[in-house]
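Protein chains in written order, with my numbering: chain A, 1 to 611; chain B, 1001 to 1611; chain C, 2001 to 2338; chain D, 3001 to 3338.
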Amino acid sequence: MSSRTREELQQVTVLFCGDSGDGMQLSGTQLSTTSAVYGNDVSTLPDYPPEIRAPAGSLAGVSAFQVHFAGHKIHTPGDNPDVLVAMNPASLRVNLPRLKPGGVVISDRDMFSERNLAKADYATNPLDDPALGSTYCLHPVPISSLTLKALEAVDLKHTAKRRCKNFFALGLVYWLYARPLEQSLAWISNKFAGHPLVAEANRRALQAGYHYGETSEAFAVQWSVPRAPVEAGSYRMINGNEAMALGLVTAARLAQKALVYSSYPITPASEVLHHLSRWKHLDVRSIQAEDEIAAMGSTIGAAYGGAFAVTGTSGPGVCLKSEAINLAIMLELPLVIFNVQRGGPSTGLPTKTEQADLLQALFGRNGESPIPVLAPDSPADCFAVAIEAFRIAVRHTTPVFILSEGYLANSSEPWRIPSLHDIPTIEVQHPVEARGFQPYSRDASTLARPWLLPGTPGMEYRMGGLEKHPGSGSVSYAPQDHEAMCRLRADKVQRVAAFLPEIEVNGPEQAALLVLGWGGSYGAVATAVQRTQDKGLAVAHVHLRHLNPFPSELGEILSRYDRVLIPELNDGQLALLIRARYLVDTVSFSKLQGQPFTITEIETRIEELLS
Amino acid sequence: MSSRTREELQQVTVLFCGDSGDGMQLSGTQLSTTSAVYGNDVSTLPDYPPEIRAPAGSLAGVSAFQVHFAGHKIHTPGDNPDVLVAMNPASLRVNLPRLKPGGVVISDRDMFSERNLAKADYATNPLDDPALGSTYCLHPVPISSLTLKALEAVDLKHTAKRRCKNFFALGLVYWLYARPLEQSLAWISNKFAGHPLVAEANRRALQAGYHYGETSEAFAVQWSVPRAPVEAGSYRMINGNEAMALGLVTAARLAQKALVYSSYPITPASEVLHHLSRWKHLDVRSIQAEDEIAAMGSTIGAAYGGAFAVTGTSGPGVCLKSEAINLAIMLELPLVIFNVQRGGPSTGLPTKTEQADLLQALFGRNGESPIPVLAPDSPADCFAVAIEAFRIAVRHTTPVFILSEGYLANSSEPWRIPSLHDIPTIEVQHPVEARGFQPYSRDASTLARPWLLPGTPGMEYRMGGLEKHPGSGSVSYAPQDHEAMCRLRADKVQRVAAFLPEIEVNGPEQAALLVLGWGGSYGAVATAVQRTQDKGLAVAHVHLRHLNPFPSELGEILSRYDRVLIPELNDGQLALLIRARYLVDTVSFSKLQGQPFTITEIETRIEELLS
Amino acid sequence: MNTVPEDIKLTRKDFVSDQDVRWCPGCGNNAILAQMQKMLPELGVPREKIVMISGIGCSSRFPYYMNTYGVHSIHGRAPTLAMGLKCARPELQVWVITGDGDGLAIGGNHFSHALRRNVDINILLFNNQVYGLTKGQYSPTSPLGAKTQSSPDGSIENPVNTIGVAIGSEASFIARTVDVFQKHMSGVLKRAAEHRGAALVEIAQNCIIFNDGAWAHLSDPDKRLENVLYLEHGKPMRFGKKGEKGIRLNGFTPEVVEVAEVGEDQLLVHDERASEPTLAYFLSRMGPPHFPTPLGVFRAIDKPVYSELLMQQVRTAQAQRPPDLDALFRQGETWVVS
Amino acid sequence: MNTVPEDIKLTRKDFVSDQDVRWCPGCGNNAILAQMQKMLPELGVPREKIVMISGIGCSSRFPYYMNTYGVHSIHGRAPTLAMGLKCARPELQVWVITGDGDGLAIGGNHFSHALRRNVDINILLFNNQVYGLTKGQYSPTSPLGAKTQSSPDGSIENPVNTIGVAIGSEASFIARTVDVFQKHMSGVLKRAAEHRGAALVEIAQNCIIFNDGAWAHLSDPDKRLENVLYLEHGKPMRFGKKGEKGIRLNGFTPEVVEVAEVGEDQLLVHDERASEPTLAYFLSRMGPPHFPTPLGVFRAIDKPVYSELLMQQVRTAQAQRPPDLDALFRQGETWVVS
Ligand SMILES: Cc1ncc(C[n+]2csc(CCOP(=O)(O)OP(=O)(O)O)c2C)c(N)n1
Ligand SMILES: Cc1ncc(C[n+]2csc(CCOP(=O)(O)OP(=O)(O)O)c2C)c(N)n1
Ligand code: SF4
Ligand code: SF4
Ligand SMILES: [Mg+2]
Ligand SMILES: [Mg+2]
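#1: Shortest alpha-carbon distance to I106 of chain A belongs to which of A:W175, A:N40, A:E51?
#2: Please indicate yes or no: does the CB of Y1461 of chain B lie closer than 7 angstroms to some heavy atom of ligand 6?
#3: Hey, which unbroken runs of the alpha helix (DSSP H) at 4 residues or more fall wholly within the segment 3252 to 3318 of chain D?
#4: Can you round the beta-carbon distance between H1404 of chain B and F1338 of chain B to whole angstroms, since I take them to be within the 8 angstroms contact cut?
#5: Enumerate, from N- to C-terminal direction, the unbroken alpha helix (DSSP H) stretches of 4 or more residues contained entirely within the segment 3174 to 3239 of chain D.
#6: DSSP state of V3004 of chain D, grouped into three classes?
#7: Using a Cβ-Cβ cutoff of less than 6 angstroms, which residues in the same chain neighbour Q222 of chain A once the five nearest sequence positions on both sides are dropped?
#8: For N2109 of chain C, which residues in chain A fall below 9 angstroms Cβ to Cβ?
#9: Once you ignore the five residues that flank R449 of chain A on each side, which residues in its own chain have a CB closer than 6 angstroms to its CB?
#10: So for V1230 of chain B, helix, strand or coil by DSSP?
#11: Using a cut-off of 8 angstroms between C-beta atoms, extract the partners of R2285 of chain C located in chain D.
#12: So, are the CB atoms of A524 of chain A and F589 of chain A less than 8 angstroms apart?
#13: Could you tell me if H3075 of chain D is buried or exposed, where buried requires 16 or more neighbouring beta carbons within 10 angstroms of its beta carbon?
#14: From the DSSP output, which residues share a beta bridge with C17 of chain A?
#15: Using only the alpha-carbon positions, how far apart do D1121 of chain B and Q1025 of chain B sit?
#16: Closest to R3047 of chain D by CA distance: which of B:G1458, B:H1546, B:K1492 is it?
#17: If contact means a Cβ-Cβ distance below 8 angstroms, which residues of the segment 3134 to 3148 of chain D contact chain A?
#18: If the criterion is Cβ atoms closer than 8 angstroms, does the pair L1327 of chain B and G1465 of chain B meet it?
#19: What is the rounded straight-line gap between the Cα of N410 of chain A and the Cα of L554 of chain A?
#20: Applying the criterion that 16 or more other CB atoms from any shown protein chain within 10 Å of the CB defines a buried residue, is Q480 of chain A buried or exposed?
#21: Can you check DSSP and say which residues form a bridge with L565 of chain A?
#22: To be precise: take each residue of the segment 1084 to 1097 of chain B, compare its Cβ to all Cβ atoms of chain A, and keep it if any distance is under 9 angstroms. Which residues remain?
#23: Please compile the residues from chain A whose C-beta is within a distance smaller than 9 angstroms of the C-beta of C2087 of chain C.
#24: Report the neighbours of A1324 of chain B on chain D: residues whose CB is nearer than 7 angstroms to its CB, in chain order.
#25: At a cut-off of 7 angstroms, would you count D2326 of chain C as near ligand 6, judging by its Cβ distance to the nearest heavy atom?
#26: Does DSSP put E7 of chain A in a helix, in a strand, or in coil?
#27: Any heavy atom of ligand 6 within a distance shorter than 7 angstroms of the CB on N3122 of chain D?
#28: Would you kindly work out how many angstroms separate the C-alpha atoms of G1233 of chain B and F3329 of chain D, rounded to a whole number?
So this is what it looks like as structure tokens:
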């Protein structure tokens, strides 16, 4: 054993895949937590099948989980995996194309029966295919039978024992990357505290997998990945949906307000509803509306009543909310709408990611209906963006749009747990002095109108979706009032820019190329720019968190670069806005595949442009 | 009498206004028909009160009708009226500000009682105000009592007689502009054929008004407006909504198809439903749906079934339709959606006009969802655009958007009645040959897919809103299929450009200024450009009927002018598209007042830019 | 319920806003407005605690004329705003004002779900059997064959019955009254205000412009007593000029009988609190030409109230678990980097 | 109705599409699919004349598995597409496939209006009392207190009853069956297909993943006979292992009686053709714990059919007025310029 080499790697990507019932999500999360606790930086991405429970062994039923861990800061779950753990033929067929050339395949040989091969459209067993063996480093391991053998002494049914094979596979990966077992052992004991036999079985399977790595001659090298330099603090893994939910409830707490969340379930946003409906002890009032229109309507009602009100959905739901969003714009009420974008148009690719709802957020309503738009740049960033959205909403009495993405929603990364005291509170004022009161009067700096609550004596007033007299807010069809109100609503949203932090430019102040990105492609773009900068290329990176209004200095910054490359998971939507606003001849890099950008894709494009 | 001068004018604008019950719409239409029949060019615009029946004499109850007639081709109902017929104090208060300095006011002195003055917020009688008398040419005529007197011999009730005063006023205007009475006399006899006494009363009132002009010393000048050179043919007055309805049914007839119109009532589009529901003899099947979503859904169902299917609404309704429009885009079905734009956002100014739903038409849906967009340039042009929309829809199997406007919907102009034989038929094909059939195969030139009808034996297939395999159309989550389908859908819409007529440039091929307009502002822009050209300014005019895709040569044309002025009843929506697409530094002229552009506004702006 | 401090006595005038009423002269809406302004002071609820939320339609201009808080929202969606408001501020008294188009066409789903959930709001549906504001198209309550702007050859749509829809939606309070029946309306509105949970009142409203006389069989003083059956809890169902007629049950079918002939004890007795809504449903089917139209409270039962249950769950959770955001942050596995 | 030429005999297999069925193994949808494929050949309608239109949900994947024409549309809107299609092509047989979320939550309004209008379509509502596709939230038919992904502390929403909603919507054909009752379902589906006008069939469907056993009291072979009341037109209402129990009417309240004790003539007799839906409504209220659940046809009446009336108006207009477009162009005043 000790004769094996031990090599150090800066980063590794492992993809666990198997049938929906194979527990691959669990293996993946265990590896990521273990790596994070060990001190690596980590980023993960699950890939669920679109079907609830597809037939066992079928291609449609493949479930996967990708873990990227490294000895330095990373921003993506990795492009192509170094290691593929494939628990059955179907998962091998689906995911092998993604493996790096020369990558490691660990497969449960026991599952490559003729029946299973047929279900995966394999005429012959790929594990016996010499071509495969020469391209990749193949390890057909009889995982199922080895697991059963390891659990011989445990008094459990056969099927229960088989269910432990994901821990065997995990153990083997742990050995490969010299991971400590403690975290997972503790997790198992804790999780199955009520089922000591199950706990015992899983512990044994994990250890058996680890020992198999150690004893089997098949594995010639053991790798280690060093700790990454990480800011001190408490950490946990978090995905975008949970970070969004936590950010929303935090915003409400920062203002001492109830949070009303009204939503209609839709993939990939439903999880936020599931989280928030569990947090009633924090005065979260969650509503499952009868549809998205009702969700938006009740959000308006709650904001009118003075709650921190928010609704979440995905693209098709935004279509349905759009009429009522316009009402919120007319009523100038502070509230938040988030869209976890998925592949469109129409039902499209409901479980896949995209960034193609930007123009919808900006323009998807009748009339001139300006609204601030923000986009988080990583899963954990959803937390910060949720808080900022409410800050803007309250400061300017306006609905605010957040554009999240399916990729951010599902991907996980370590999150430094904040201390509530470090986050500035959100100041809220509700006028109570009736004298001289005007419902549509303006704060000179923010152009907010007063957030006046029903229940306040002496200030009873009426308002609605009809155009208003600026000031009194009463219905007005007068031409100049409409002009004035349209300009006011537009100016108010523009005022948000005055409160934005300065744009960070990553790289030279002036150069041949600027890469301008937004949303969840941050990680891939930042890494690709870093890599090309390391290669000596004259490229800088700006990431836009604020899509409307743009930060004031953006135009000036753009003018300092010869070319501006805009990578987007759409057909050039940010590019359209940038071109229209700054008359800059941008270069679009558009991808519409339901998949996030890989680092390599961006890197290659940068190099092409600079060669 | 013959001592009075007779002068010739090139054009005149008359505004009739009064209480809702005063019959001003009728006076207006009579003057416009009479003028048109006489040989003038004519353009009219009614202005109804937003209330159904506001209290008599109130400011809210004022109803108006503007008639512009001329001895040359005209394109708008006129900027400011030359003559104001104001039947009561409220209508004078509301409309006097619009009258040209020095213009003529004809007012029913009998209605200026204290009570009526109070209702109109007049402290004193404006007809006695010397200031007013010096600014305008005031004619306080006791219209009510003169009418009653003229009808003394007619055996009708007092109230019935009073109702004839609109014809007295009309008669007076007829005298002022030397209009013949025949057309109106005939109309009265025809209209009130069943009520000879009423007919008699109205005829007498009309003649009394005419004679009053002739006898009264008050009127020193009689004007005449010569005939305009007009293309030979049969004509009628038509407003945009009726032209739209006629265009839609004509399109269906041109293809020998049933027309299914499904809509939910909304101002200013409801009238189209009213028209079409009367035309069942032409196999028009009109559906009043439970809401706009249902209207869109049933339109899709009807198009799927092979009918010519169309839905109409206004901005808020488009919000509601947007999710289903995306389904139509995914299903690639030929159908038409029209939006009679009104002031927004939200309920906004429901009875006023605007052009602020352009970006909504283009981008108001989740995902990349390309759709062709057309806009009529005049009331009668709605007819042609409706037919063209169906032509494009069928040729490319795509939903098509028409952006009409409240102004076009309500405004009337003479329409040269076409002969059905002169309009090319619309070719429709439904494949019936099952062999080798693929529901998402493509026509090489148009990129249309086959419009395959249920009921066709042997070709049963399924489709939906999920992403598809190009060709078979079956559900596909494959990254490359999504990319391919997104590009296909976009390319298909771009293909429309290959079938467009060349852009007409009105004016110099190269110059200091190009005015680029769209939609209903055509008339004001064309006239303003003409006037400034007449003054020798170097300005040209291009009007866009196709907003998506743009005609191929547009970029090249734009590049030939130093500056491009884009007047729009929005905050620069076409400008945004032009800037993004062609990187041209456009000059926006944005107006958001619920009112169309006046010629003078555009003229002034052109002169400012060229001075 | 919030009561006004003794020294504040509200009057009708306190509920009149400064806006000119812009309905057509003679429109039934005017009468409803007057009754509402008269009834509200009797509730003893401070004006600022009352919110009127409407959709779009002639009827939906109602909030502008009430000197309470008010929102004139968008077409059909008023119940959704009301629900959100009630979840944020359970202490407010929230009224929804809607029309037959607003509430039963485009807004039918929200109407139905608000009733089903039993959100504690009061919905007044002004039924004029026509779209007033958009100038005279038929509505979901217009009779089959109605000739309107959009149905020149007669409507081909079978109508619904507002009360029937409410019963299908499991409403806990259902009533009907008529625009011009001042006292009756006042009593019904008050009952609605006092009901715990969602209360629906259908108000037969005359649109003098586009559908004049649609309810003449009820409102006409000459026909009224023959055509109206006033429902009173626990009372036998009698009607007619002198109460000489009554309703008897025959299986599931109503029969009109002469009370003198059959005796009062043969008559059906109204029970608005019946645990099952079958009686209310049965009553909802009665109307012209063979039966009188029931007015009053069809149904008024106790049922779990959405807005109350929500706040109960919040309070229970708060009692059981400290409002510790930090603990929430730390859910799942955490680790420390030092 | 279109019948197949004698020489074409369709079989179950003709209705099986080439798509792999991707519902969870054991899902009730599989049984419904099988019955539908078995029943359709019996109708004698050519395959190409049949169109399946669905919304979104597990249930709504149904059309993919049927070798007929099919559209998998968007969430809740299938009835609207069906209506448009039927107006364009009255000769097609159009089925709507929907779920309790698709049909009663987001799509509740269209569901209700399609039934009200009596468009000639057949709506199958697969009721599993849960949102399957989005992984287990409660639906409008989930019981109060249901613990689901979105109601961890128990749902606070009072449910609706599908049959009650359909009655409130004035449906002309209403039936209920259970996913695993093969013959019963087949009979009910056939009746629905043959009905003129809108037919609603509620199918109790088991979601084995998120709501297993919701209908166990009906489907469990041991309990079935005690818990199910099979409705048969003109027959007294009997149930129980040997039909020993029956339903008797007491005012508006049902009573379970022993037939042997009271005699069969005391039992309520089913009348699916009753002109008023009160009996159907009464039946819709019956269910556990005190009463059996009625299955079968609650109501089947003749009523004006929207799609037929529309075509009648078109034909009448065509008969009365020549299809002269030129005359239309020339409506109103015209003049000639030469
Ligand atoms: C989304 C949308 N669609 C359509 C309209 C147009 N609209 C306004 S009110 C109305 C119907 C009004 O009918 P009803 O609710 O019965 O009110 P009434 O005017 O009769 O009181 C319609 C169709 C609208 N405002 N918004
Ligand atoms: C506009 C829109 N909102 C939400 C969704 C997400 N969604 C899909 S199916 C569904 C509910 C499914 O429930 P049900 O109709 O009962 O069908 P089941 O899966 O239980 O058969 C939801 C909320 C969607 N597809 N579209
Ligand atoms: S149109 Fe009818 S409902 Fe509307 S205000 Fe006039 S009378 Fe009343
Ligand atoms: S989740 Fe439920 S309803 Fe959906 S396929 Fe699985 S068992 Fe059937
Ligand atoms: Mg109405
Ligand atoms: Mg369901």
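Beta carbons: idealized from backbone N, C-alpha and C, even for Gly. The structure displayed is predicted, hence computed values, not measured ones.
Taking the geometry as given:
#1: Selected option, being the one with the closest Cα: A:W175.
#2: Y1461 of chain B Cβ: outside cutoff for every heavy atom of ligand 6.
#3: Counting only runs of 4 or more, we get 3259 to 3262, 3278 to 3284.
#4: Reading off the sequence shown, one finds Ser at residue 1404 of chain B, where the question assumed His. Rounded, the Cβ-Cβ distance is 6 angstroms, consistent with contact.
#5: 3182 to 3194, 3216 to 3219, 3224 to 3227, all fully within the segment 3174 to 3239 of chain D.
#6: Unreliable positioning characterises V3004 of chain D in this predicted model, as indicated by a pLDDT of 47, which lies under 50. A coordinate reading is not provided.
#7: Cβ within range, chain order: R4, R6, A178.
#8: Within chain A, the residues near N2109 of chain C are E290, D291, I293, A294.
#9: Excluding positions up to five away in sequence, the list reads E332, T397, Y440.
#10: In this structure, V1230 of chain B counts as coil in the three-state DSSP scheme.
#11: The answer, in chain order, is E3276, P3277, T3278.
#12: No.
#13: Buried.
#14: Beta-bridge pairing links C17 of chain A to A:A64, A:A86.
#15: If you draw a straight line from the Cα of D1121 of chain B to the Cα of Q1025 of chain B, it comes to about 24 angstroms.
#16: Closest by C-alpha distance to R3047 of chain D, out of B:G1458, B:H1546, B:K1492, is B:G1458.
#17: For the segment 3134 to 3148 of chain D, the set of positions with a beta-carbon nearer than 8 angstroms to some beta-carbon of chain A reads T3134, K3135, Q3137, Y3138, P3140 in chain order.
#18: In contact: L1327 of chain B and G1465 of chain B (Cβ atoms closer than 8 angstroms).
#19: Their Cα atoms are separated by approximately 31 angstroms.
#20: The residue in question, Q480 of chain A, is exposed, as its Cβ has fewer than 16 Cβ neighbours within 10 Å.
#21: Looking at the DSSP assignment, L565 of chain A forms a beta bridge with A:V515, A:V587.
#22: Those residues of the segment 1084 to 1097 of chain B that come within reach of chain A (Cβ to Cβ, closer than 9 angstroms) do not exist; the list is empty.
#23: By Cβ distance, chain A contributes A258, V260, S262, R285, I287, S298, G301, A302, G305, A307.
#24: Per Cβ cutoff of 7 angstroms: I3074, R3077.
#25: It does not: the Cβ of D2326 of chain C is nowhere closer than 7 angstroms to a heavy atom of ligand 6.
#26: E7 of chain A sits in a strand when the DSSP states are folded into three classes.
#27: Not so, every heavy atom of ligand 6 lies at least 7 angstroms from the Cβ.
#28: The straight-line gap from Cα to Cα measures roughly 13 angstroms.
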